[in-house]
DNA sequence: GCAATGTCTAACAAGTTTGTTAAACAAAAT
DNA sequence: ATTTTGTTTAACAAACTTGTTAGACATTGC
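Residue numbers (this note's numbering), protein chains in the order written: chain Z, 703 to 913; chain G, 703 to 913.
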């Protein structure tokens, strides 16, 4: 058998499935639609994946895993001082979202509709998150003790950053409907990024240490 | 004909539709499911609303209109000073979301899946928002000129508040899966509210004016 | 009372959607 | 070569979904 052709068929289906699932979500996606886009008969994706649910889980788990890396990057890279590193985290996370703008809505949406998918997420990235979280909290506490930053829990800080960043992209469809120009849309996003950094910076940096 | 019974049938359908649509979204909701929950044959909701789309729009427009009031409240009530009023806005908006925790995800989700629904939103609350926005920007500018608060666009301020508040509830399903105790969940929400107020306060208040 | 109108049900219909299966076709293994 | 295994298609089927319709039943106005 021709391995390349086989792989490419399965991959074609996965790629098509990813596109359609990401754009429309689980319920609105029809297996025939995926097959059409992949250029195969819909029996093919039952041959490879048996059920619609199976294809979906493959995609979903891939996407969930994508969330892990930017978060792990948060605690490594101890070269920079914490405040500047947090700035970099916002930058990295924001750019990651820019490269995957439909990811947040997709994940949130599916977690809301299928609460058991939250378990999938916890299984996949739970321990890693837990570790990173503890390390970050310890670091924060040190900086607080030194009087450099304001007290804050690592959870609140992470939620602040993620909330602000993610929302910028979740609300993108609204922005797009108001301004159609691509450059202008990008300018708005850049402005948001700047504002988010400013907001987080003011939240953590002690006022006495600011210019 | 018995008006009360008629109203109650139609209302039963609308109530059931609201529950199911809010919980599952447009695509995942089946008309038979709505009929079942309302305790009527599914022909009934075609009799009253003709199509699934029609029932949905009724629900959707109602929900969109609910968003308007808390925002309008932002500019009225000139008794308080701006900074304290912003604090109240966060409080009001947060409590509104607490009373309607599934609303944000529902609206965002449907706007993402059906971009034309954004038009519906703009038609319903567009002008009101525009007016409130201008008034707020003028007020901010005054306070900035007096050296009381840091420069910020009204859009950024609103987006910061809405992003942080909404995210707290959009991510609620995750919190619920981690902590099952209701009181504990509430404590987490209260902590988030406090943190959001703190974050926004530090963002806008000039450092010189702070204790 | 009875005609007109509104409400409701059961049955049906057309289309879609997920999934199966038999059989054709291709490749690999012996 | 031929058996075995893997891939692909076309046709089918069962279930579900949205929507219709004919007629029963109730209510109202006259």
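Glycine included, every Cβ here is placed at the ideal spot set by N, Cα and C.
- If you check the CB distance, residue 905/G and residue 909/Z do not come in under 8 Å.
- In terms of Cβ geometry, residue 723/G and residue 761/G form a close pair [threshold 8 Å].
- Remark: three or more beta-carbon pairs, one from each stretch, lie closer than 8 Å, so the segment 819-832 of chain Z and the segment 770-777 of chain Z are flagged as touching.
- In the DSSP assignment, residue 752/G falls outside any alpha helix (DSSP H), carrying neither H nor E.
- When C-beta atoms of the segment 731-740 of chain Z are compared with those of the segment 731-743 of chain G, fewer than three pairs fall below 8 Å, so the two segments do not count as touching.
- The beta-bridge partner set that DSSP reports for residue 851/Z consists of 907/Z.
- Classified as buried, residue 868/G has 16 or more neighbouring CB atoms from the shown chains inside 10 Å of its CB.
- For residue 813/Z, the uninterrupted alpha helix (DSSP H) run begins and ends at 805-815, by DSSP.
- Against chain G, the CB of residue 727/Z has a partner CB under 8 Å away; the residue lies at that interface.
- Under the Cβ criterion of 8 Å, residue 843/G is not counted among the residues facing chain Z.
- By the Cβ criterion, the segment 853-861 of chain G is not in contact with the segment 807-817 of chain Z, since fewer than three pairs of Cβ atoms, one from each stretch, lie closer than 8 Å.
- Between the segment 775-783 of chain G and the segment 746-763 of chain G there are fewer than three inter-stretch CB-CB distances shorter than 8 Å, so the stretches are not counted as touching.
- For residue 789/Z, the enclosing alpha helix (DSSP H) covers residues 784-801.
- Using beta-carbon distances, residue 744/Z does not count as an interface residue toward chain G, since no partner is under 8 Å.
- Short of 7 Å from the beta carbon of residue 837/G, and not among the five residues preceding or following it, lie these beta carbons of its own chain, in chain order: 777.
- Taken in chain order, the members of the segment 810-826 of chain G whose beta-carbon sits within less than 7 Å of a beta-carbon on chain Z are 810, 811, 813, 814, 815, 817, 820.
- Residues of chain G with a Cβ closer than 8 Å to the Cβ of residue 807/Z are, in chain order, 810, 811, 814.
- Every alpha helix (DSSP H) of 4 residues or more that sits fully in the segment 721-760 of chain G is shown, in chain order, as 733-740, 744-751.
- Scanning its chain for C-beta atoms nearer than 8 Å, with the 5 sequence neighbours on each side dropped, one finds around residue 812/Z the residues 727, 728, 762, 819, in chain order.
- Less than 8 Å divides the Cβ of residue 711/G from the Cβ of residue 746/G.
- Among the residues facing chain Z, residue 734/G is not included, as its CB has no counterpart in that chain under 8 Å away.
- Closest in alpha carbon position to residue 855/Z, among 840/Z, 866/Z, 809/Z, 895/Z, is 840/Z.
- Residue contact with chain G for residue 889/Z: absent (no Cβ-Cβ distance below 8 Å to any residue of chain G).
- Here the alpha carbon of residue 891/G sits roughly 27 Å from the alpha carbon of residue 896/Z.
- Identification of chain Z residues near residue 883/G by a Cβ-Cβ cut-off of 8 Å yields none; the smallest Cβ-Cβ distance measures about 17 Å.
- The beta carbon of residue 853/G is closer than 6 Å to those of 846 in its chain, skipping five residues each way along the sequence.
- Among the CB atoms of chain G, one or more fall inside 8 Å of the CB of residue 876/Z.
- Flagged as an interface residue toward chain G: residue 904/Z, by a C-beta distance shorter than 8 Å.
- In this structure, 714/G is the residue among 752/G, 714/G, 871/G, 754/G with its C-alpha nearest to the C-alpha of residue 740/G.
- Closest in alpha carbon position to residue 804/G, among 725/G, 849/G, 889/G, is 725/G.
- Put simply, the CB of residue 834/Z is far from chain G, with every gap to its CB atoms at 8 Å or more.
- Within the same chain, Cβ atoms closer than 6 Å to the Cβ of residue 807/G are found at 872, the five residues on either side in sequence being excluded.
- Distance from the CA of residue 822/Z to the CA of residue 865/Z, rounded to the nearest whole angstrom, comes to 21 Å.
- The beta carbon of residue 743/Z is closer than 7 Å to those of 737 in its chain, skipping five residues each way along the sequence.
- Taking C-alpha positions only, residue 907/G is separated from residue 750/G by approximately 54 Å.
- Taken atom to atom, the span from the alpha-carbon of residue 791/Z to that of residue 870/Z is near 16 Å.
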